[in-house]
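Counting from 22, one number per residue, gives the positions in the sequence shown under this note's numbering.
Built from N, CA and C at the ideal position, the CB exists for glycine as well.
To start, the structure itself, in structure tokens.
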Amino acid sequence: MPENLYVMDTSSFIELGRKFGKYKDVVVSLWKSMEQLANSGQLCAPMKVFDELNPETDKEKDEVRKWVESHKQAIFREIDADQLIALKGIIRKHPNWVNPEADKNDADPYVVALALALKQCKQKKVIDYQIVVVTEESADPERLKIPSVCQEYGIKHLNLHDMFVEEGWKF
């Protein structure tokens with residue numbers, strides 16, 4: 022069975038901080054497990070997600086921001102040519118997904134583009150892993166969300182809790 026390579030959305034990092042950030046000294050095994058995923062290369066996110074995790078805009082992000090800053094090199098990826106090609110295709114298909122005028126830096130298309138680029142790269146190599154997007158978003162018929170776009174491109178998506186279950190973690 023293939024191992025999972027997780028591409029994490031901002032919403033899941035925030036959820037991680039909200040639920041477990043204050044209790045890092047209690048749920049030590051959770052943070053060790055997250056660290057193992059990060060250090061093994063099985064947890065990644067586009068740099069746009071790192072940019073969204075700004076403690077000045079949301080105090081609840083403080084603990085998780087400290088954690089992601091200490092794992093920045095292991096987790097966060099600058100956009101490359103493969104991601105750019107995937108991103109252009111996504112934006113061409115969904116031109117109104119992101120508002121370029123908005124103050125908020127919307128990383129959603131970058132999350133899917135990274136997952137899609139990794140999925141296409143996987144097909145070129147003999148690597149046995151499954152690309153999985155982790156997001157707290159759920160499909161919404163009124164507004165385009167990550168799960169709908171993932172489904173469109175055949176990319177598996179889970180929320181943070183389901184990722185823990187998928188990994189067999191118990192805390």
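Using DSSP's beta-bridge definition, name the partner residues of residue i.
{"i": "L12", "result": "No statement about residue 12 is possible, as the shown extent of the chain runs from 22 to 192 and does not include it."}
{"i": "H178", "result": "V154"}
{"i": "V66", "result": "At residue 66 the sequence reads Ala, which differs from the Val that was named. The partner list for A66 (beta bridge, DSSP) reads F97."}
Nearest CA to the CA of residue i: which residue from the options?
{"i": "M68", "options": "C142, P116, I96 and W118", "result": "I96"}
{"i": "V133", "options": "A107, E36, E73 and H182", "result": "A107"}
{"i": "H115", "options": "Y131, I100 and D103", "result": "Y131"}
{"i": "V89", "options": "D127, A66 and C142", "result": "A66"}
{"i": "V28", "options": "K40, K45 and Q104", "result": "Q104"}
{"i": "C142", "options": "A102, K177, V48 and N180", "result": "A102"}
Which residues in the same chain have their Cβ closer than 6 Å to the Cβ of residue i, if we skip the five residues on either side of it in sequence?
{"i": "S169", "result": "A160"}
{"i": "T31", "result": "V70, E73 and A128"}
Any heavy atom of the ligand PLP closer than 7 Å to the beta-carbon of residue i?
{"i": "T156", "result": "Of the ligands one can find in the structure shown there are none, so the ligand PLP has no counterpart to examine."}
Tell me which same chain residues have a C-beta within less than 7 Å of the C-beta of residue i, skipping the five on either side of it?
{"i": "V186", "result": "none"}
Leaving out five residues before and five after residue i in sequence, what residues of the same chain have Cβ atoms less than 8 Å from its Cβ?
{"i": "I112", "result": "W118, V119 and P130"}
Over what stretch of residues does the alpha helix (DSSP H) that includes residue i continue unbroken?
{"i": "F41", "result": "T31 to F41"}
{"i": "P168", "result": "I167 to E173"}
{"i": "A160", "result": "Run containing A160: none; DSSP gives neither H nor E here."}
{"i": "A102", "result": "A102 to K114"}
{"i": "D83", "result": "D83 to S91"}
Could you round the C-beta distance between residue i and residue j to whole angstroms and report it? I think they count as a contact, below 8 Å.
{"i": "F192", "j": "L51", "result": "5 Å"}
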